[in-house]
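Residue numbers (the numbering used here): 883 to 1161.
Just so you know, even glycine gets a beta-carbon here, dropped at the ideal spot from N, CA and C.
First comes the structure, then the notes that go with it.
This is how it looks when you write it as C-alpha cells:
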C-alpha cells in the first residue's frame, strides 16, 4: 500500500514537510474517495487547475492530477484524499518563482460530519482571496474558537456591507418555501454546494443566488450548512434568529447531492497501469 503522504507521487522528504510547515503559500482540495471514484471530481480538478495557474503560473494538468490521485489511493477501498499545491521555490524572502507547483497528496480515514445540527454566530470577516481554497486558515480557526467561547458551535462570516458570505469551513444555504437561496458575495464556490445546485431540479426544488443581508435572515424558513464531509447539516440558530427546519425538505436537499454519481479518478486501463506503479 502506498505511503500516506506523497510529493509528486514519491514519499515525502523531511525538507518537503518542513517547507509545508513553515510557508503557507498554496492551495488544496479534499474529498472522499470510494472504490477509486469521488463525487464532484470534475469540480475538484477545476479548482486545482485554477489555483495552480493563479498562484504559481502553471498547472501540472488534469492527467497528472489524476495520476497522482490514483497513486495516493491505490489499494484503499475508501479514504479521505487531500491534494495540495506548493512550491519549495517560493518563500517569505523569495516569492517570485513562476512554474509548475509540486503536488502533495495525503490520505486519511474519512472524517465524520461536522455536526448533525449547529448553532452559529455571525462575525464580520472576509477571507483573503475568498475564491481560492488556500492554506491561510488562521482566521477560520480563530473564528471557530471565538464562536465556541461565546457558546455557539461555529461562525458565519458577514462582509462590510452586512451581507452573508460563507462559514468557516462550509457554505450556507437558506430555504424559502420550495426554493434554496444561496448568498451572492465574495466566497469560495463549494463543491458540495455546486453538486446540490445540480441535483435540485431532480428532487423537485429550485434555487437562486442573491445578496442576503444578515438583518433579513428571519424571512427564511430554514438554513443549512454544507461541505465535502457534511452534505447537509441544519442550522437551528443564527445569533437570536431560530429556524424550524423541516427534516423532509432538508432530506430532499441531501438527496440532490447524493444523486450525483461518483466520477472515477482513472478509467480501467489507466487504473491498471497506476496500480503497477504503486506497488
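Within the region 894–936, the complete beta strand (DSSP E) runs of at least 3 residues fall at 909–916 and 919–921. Distance from the CA atom of residue 1133 to the CA atom of residue 969, rounded to whole angstroms, is 42 Å.
Between residue 1034 and the set 1139, 923, 989 and 1121, the nearest pair of CA atoms involves 1121.
The Cβ-Cβ distance between residue 1117 and residue 972 does not fall below 8 Å.
Rounded to whole angstroms, the gap between the alpha carbons of residue 1076 and residue 912 is 15 Å. In the DSSP secondary-structure assignment, residue 1091 is bridged to 1064.
Taking a cut-off of 8 Å on C-beta distances, the region 937–954 does not touch the region 1101–1108, as fewer than three cross pairs fall below it. In the DSSP assignment, residue 1136 falls outside any beta strand (DSSP E) and within the unbroken alpha helix (DSSP H) covering 1129–1140. Membership of residue 946 in the alpha helix (DSSP H) is indicated by the continuous run 944–955. The straight-line gap separating the alpha-carbon atoms of residue 1080 and residue 1027 is approximately 33 Å. Beta-bridge analysis with DSSP links residue 891 to no other residue. Listed in chain order, the non-local C-beta contacts of residue 986 below 6 Å within the same chain comprise 889 and 966, local neighbours out to five positions each way being set aside.
DSSP places residue 1018 outside any alpha helix (DSSP H), giving it a letter other than H or E. Distances from the CA of residue 1042 to each of 1057, 1049, 1007 and 1085 were compared; the closest alpha carbon is that of 1007.
Across the structure, residue 886 and residue 1147 are spaced so that their CA atoms are roughly 18 Å apart.
In the DSSP assignment, no residue is bridged to residue 1100.
Short of 7 Å from the beta carbon of residue 935, and not among the five residues preceding or following it, lie these beta carbons of its own chain, in chain order: 941. Under the three-state reduction of DSSP output, residue 972 falls in the coil class, being neither helix nor strand. Distance between residue 900 and residue 1091, taken at the CA atoms: about 42 Å.
If you draw a straight line from the Cα of residue 1048 to the Cα of residue 959, it is about 32 Å long. Taking the Cα of residue 1044 as reference, the smallest distance to any Cα among 1062, 1066 and 1024 is reached at 1066. In the DSSP assignment, residue 987 falls within the unbroken beta strand (DSSP E) covering 984–990. Distance from the Cα of residue 893 is smallest, within the candidate group 916, 998 and 954, for 954. Apart from the 5 residues on each side of it in sequence, residue 1099 sits with its Cβ closer than 8 Å to the Cβ of 1046, 1056, 1105, 1120 and 1123 in its chain, given in chain order.
A Cβ-Cβ distance of about 7 Å is found for the pair residue 908 and residue 1016, placing them in contact under the 8 Å criterion.
The alpha-carbon of residue 1009 is positioned some 30 Å away from that of residue 1145. Rounded to the nearest whole angstrom, the CA to CA distance from residue 1004 to residue 957 is 43 Å. The continuous alpha helix (DSSP H) containing residue 1078 extends over residues 1073–1081.
Per the coordinates, the alpha-carbon of residue 1064 lies some 8 Å from the alpha-carbon of residue 1094.
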